[in-house]
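Chemist: Input: one structure, supplied below.
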Amino acid sequence: MINLGIVGATGMVGRTFLKIMEERNFPIKNLYLFASHKSKGTVIEYNNKVYEVEALDVNSFNKDLDVLLFSAGGNISKKYAPIAKDKGIIVIDNSSYWRMENWVPLVVPEVNFETIEKHHGIIANPNCSTIQAVVPLKLLKDKYGLKRIVFSTYQAVSGSGVEGLKDLEKGIQLPYHNKYPYPIAYNVLPHIDDFLENGYTKEEIKMIEETKKILDDNSIKITATTVRVPVKYGHSISANIELKNKFHLEDIFKLFESSDSIKVLDDIKNNLYPMPLIAEGTDKIYIGRIRRDYSLENGLNIWIVADNIRKGAATNTIQILELLLNRRH
Numbered sequence: 365m366i367n368l369g370i371v372g373a374t375g376m377v378g379r380t381f382l383k384i385m386e387e388r389n390f391p392i393k394n395l396y397l398f399a400s401h402k403s404k405g406t407v408i409e410y411n412n413k414v415y416e417v418e419a420l421d422v423n424s425f426n427k428d429l430d431v432l433l434f435s436a437g438g439n440i441s442k443k444y445a446p447i448a449k450d451k452g453i454i455v456i457d458n459s460s461y462w463r464m465e466n467w468v469p470l471v472v473p474e475v476n477f478e479t480i481e482k483h484h485g486i487i488a489n490p491n492c493s494t495i496q497a498v499v500p501l502k503l504l505k506d507k508y509g510l511k512r513i514v515f516s517t518y519q520a521v522s523g524s525g526v527e528g529l530k531d532l533e534k535g536i537q538l539p540y541h542n543k544y545p546y547p548i549a550y551n552v553l554p555h556i557d558d559f560l561e562n563g564y565t566k567e568e569i570k571m572i573e574e575t576k577k578i579l580d581d582n583s584i585k586i587t588a589t590t591v592r593v594p595v596k597y598g599h600s601i602s603a604n605i606e607l608k609n610k611f612h613l614e615d616i617f618k619l620f621e622s623s624d625s626i627k628v629l630d631d632i633k634n635n636l637y638p639m640p641l642i643a644e645g646t647d648k649i650y651i652g653r654i655r656r657d658y659s660l661e662n663g664l665n666i667w668i669v670a671d672n673i674r675k676g677a678a679t680n681t682i683q684i685l686e687l688l689l690n691r692r693h
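Residue numbering for the sequence shown follows the numbering used here, starting at 365 and increasing by one per position.
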């Protein structure tokens, strides 16, 4: 049993934390919910008990807390995670702020669970697209070696939070955009997060650098193009992969099918392949369109889809929390 707090409890991911913990009958002794001052007093039900949301401030963590889950943006994590850490509370952070710090483990339990042992009070949850990509990539790396990866993502508007969903829902009714620079309804935006001087976006650099960190291999050549599409939930990734060693395609299928986290959907005769509508509301990583890339030696194409709010954020965080709990017993 642990004493748990959630920072950003009223947000999309924060509420999904609670939903997943209910599904898993997570053993909580005391639960504390924090959000901005405007959300103070909001009532949230968890496991048939009502909790009132507290306004987050520098004194919020003067409680009996073991672990804090953060999902309230980088600025909040920057300010408040060190306060919690200094009080001996372990932070699992969903923002991008701490991910590339050398002393902070960036954890996907199916890939690098052992790095959790090296935490110094803060553990980072990776980018949503990175999470669903590295699970199959780890399997390929261990068996064949990875030489180069080209990511092309098709990311749901829920990755931008409630405002992203609003842009899509309102835009279907009439021309509308507030979160994005252009309407997302009936459109595709090759632009996620801010542009950098090198022409890439922050989202693309996150995928590149986080993949290398999680797989513990800076020698892999990686590039990415990340795109926002008019889909509510579920990120899709086309991954073009150059392996170091030769492979038989049937062995690739077997490799993916051996993972409990992956569901292979690849029956082109019956038009069966992963789609966001299939992934929504689930914790599986769906893989299909598995085929050779004949333009290069040892080339492979795969299509990866997962629910970005669940496996791409909340579920991965709860899996990390479960690892912490198991270490205590």
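Ideal Cβ positions, reconstructed from N, Cα and C, are used throughout, including at glycine.
Can you tell me which residues form a DSSP beta bridge with L432?
Modeler: Note: L432 sits in a beta bridge opposite G369 and V455.
Chemist: Can you tell me which of V472, A678 and L619 puts its alpha carbon nearest to the alpha carbon of G645?
Modeler: For the residues V472, A678 and L619, the minimum Cα distance to G645 belongs to A678.
Chemist: Skipping 5 residues on each side, what residues in its chain have a beta carbon closer than 7 Å to that of V472?
Modeler: Contacts found: P490, I495, V498, V499, I578 and N680.
Chemist: Pick from K413, V521 and I605: whose alpha carbon is nearest that of D557?
Modeler: Answer by Cα proximity: V521.
Chemist: Give the range of the alpha helix (DSSP H) segment to which T494 is assigned.
Modeler: C492 to Y508 is the extent of the alpha helix (DSSP H) around T494.
Chemist: On the three-state DSSP scale, how would you describe R700?
Modeler: Past the boundaries of the shown model lies residue 700; the chain is included only from 365 to 693, so the question cannot be answered.
Chemist: Count Cβ pairs between the region 566-577 and the region 589-603 that sit closer than 8 Å; are there 3 or more?
Modeler: Taking 8 Å as the limit for Cβ pairs, the verdict is that the region 589-603 does touch the region 566-577.
Chemist: Of all the options I584, R463, K402 and L432, which has the alpha carbon lying nearest to the alpha carbon of K449?
Modeler: That would be L432, whose Cα lies nearest to the Cα of K449.
Chemist: According to DSSP, is T374 part of a helix, a strand, or is it coil?
Modeler: Looking at T374 - three-state DSSP - the assignment turns out to be coil, as it is neither helix nor strand.
Chemist: Quick one, are the C-beta atoms of I417 and K404 less than 8 Å apart?
Modeler: Correcting the residue type first, residue 417 is Val in the shown sequence and not Ile. Yes, Cβ-Cβ distance for V417 and K404 is below 8 Å.
Chemist: Between which two residues does the alpha helix (DSSP H) holding G523 run?
Modeler: No alpha helix (DSSP H) holds G523; DSSP gives it neither H nor E.
Chemist: Find the nearest neighbour of N634 within the set R653, I487 and M385, judged by alpha-carbon distance.
Modeler: When only C-alpha atoms are compared, the closest one is R653.
Chemist: Ends of the beta strand (DSSP E) at F398?
Modeler: Segment I392 to A399, the beta strand (DSSP E) holding F398.
Chemist: Can you tell me where the beta strand (DSSP E) with A488 in it begins and where it stops?
Modeler: Residues I486 to A488.
Chemist: My guess is that T374 and A399 are in contact by the Cβ rule of under 8 Å, so how many angstroms apart are they, rounded?
Modeler: The Cβ separation is near 4 Å, so the contact holds.
Chemist: For S467, which residues does DSSP report across the bridge?
Modeler: Rather than Ser, the amino acid found at residue 467 in this sequence is Trp. Paired residues: none, contrary to the question.
Chemist: Between the beta-carbon of K585 and the beta-carbon of Y508, is there less than 8 Å?
Modeler: Not closer than 8 Å, so no.
Chemist: Should the region 512-520 be called in touch with the region 596-604, which here means at least 3 C-beta pairs below 8 Å?
Modeler: The region 512-520, when compared against the region 596-604, does touch it at the 8 Å Cβ threshold.
Chemist: Per DSSP, N665 forms a beta bridge with which residues?
Modeler: Partner(s): N604 and R655.
Chemist: F390: buried (16+ other C-beta within 10 angstroms of its C-beta) or exposed?
Modeler: With 16 or more other Cβ atoms within 10 Å, it is buried.
Chemist: Is it buried or exposed for W667, if we count other Cβ within 10 angstroms and need 16 for buried?
Modeler: With 16 or more Cβ atoms within 10 Å of its Cβ, W667 is classed as buried.
Chemist: Does the distance from the C-beta atom of E606 to that of N662 stay below 8 Å?
Modeler: Against a cut-off of 8 Å, the Cβ pair of N662 and E606 comes out as a contact.
Chemist: In terms of alpha-carbon separation, which member of A436, S460 and S625 lies closest to E574?
Modeler: Taking only the C-alpha atoms, the option nearest E574 is S460.
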